[in-house]
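**Student:**
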Amino acid sequence: MTDHPLDTKGLQCPLPVLRARKAIRAIAIGDTLTVEATDPGARKDFPAFCEATGNRLLSVAEQDGVLRFVIERTA
Numbered sequence: 001m002t003d004h005p006l007d008t009k010g011l012q013c014p015l016p017v018l019r020a021r022k023a024i025r026a027i028a029i030g031d032t033l034t035v036e037a038t039d040p041g042a043r044k045d046f047p048a049f050c051e052a053t054g055n056r057l058l059s060v061a062e063q064d065g066v067l068r069f070v071i072e073r074t075a
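Heads up: the sequence shown begins at 1 in the UniProt record's numbering, then just goes up one per residue.
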């Protein structure tokens, strides 16, 4: 399993999710995508994104105003 970072800090909705959608399509099933975002709306957007796409949200963390989402590609 390989982790792929995606920096969306400073971007506003819907750009973080759109960039994540593109990035997750480019990685192998079983790999993870770690998205860093500063948009407060991302806290709701990424769980909904994972549910809609069939991928697994492994963790959500926040440190110093940066949200970090780890998503496993399962679909």
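By construction, the Cβ of each residue, glycine as well, lies at the ideal position given by its N, Cα and C atoms.
What residue range does the beta strand (DSSP E) around Arg68 cover?
**Tutor:** Stepping through the sequence shown from its first residue, residue 68 is reached at position 68. Looking at the DSSP string, the run of the beta strand (DSSP E) that includes Arg68 is 66-72.
**Student:** Please say whether Pro14 and Ala37 have beta carbons closer to each other than 8 Å?
**Tutor:** Here residue 37 is taken as the residue at index 37 of the sequence shown, counted from 1. Here residue 14 is taken as the residue at index 14 of the sequence shown, counted from 1. Cβ distance not < 8 Å, so Ala37 and Pro14 don't count as in contact.
**Student:** Which residues share a DSSP beta bridge with Glu36?
**Tutor:** Residue mapping note: residue 36 aligns to position 36 of the sequence shown, counting from 1. Partner(s): Asp7, Arg68.
**Student:** What does DSSP give as the partner residues of Arg56 in its beta bridges?
**Tutor:** Position 56 of the sequence shown, counted from the first residue, corresponds to residue 56. Its beta-bridge partners are Glu72.
**Student:** How would you call Val66, buried or exposed, if buried means at least 16 neighbouring beta carbons within 10 angstroms?
**Tutor:** The count along the sequence shown starts at 1 and reaches residue 66 at position 66. Val66 is exposed by the Cβ-count criterion.
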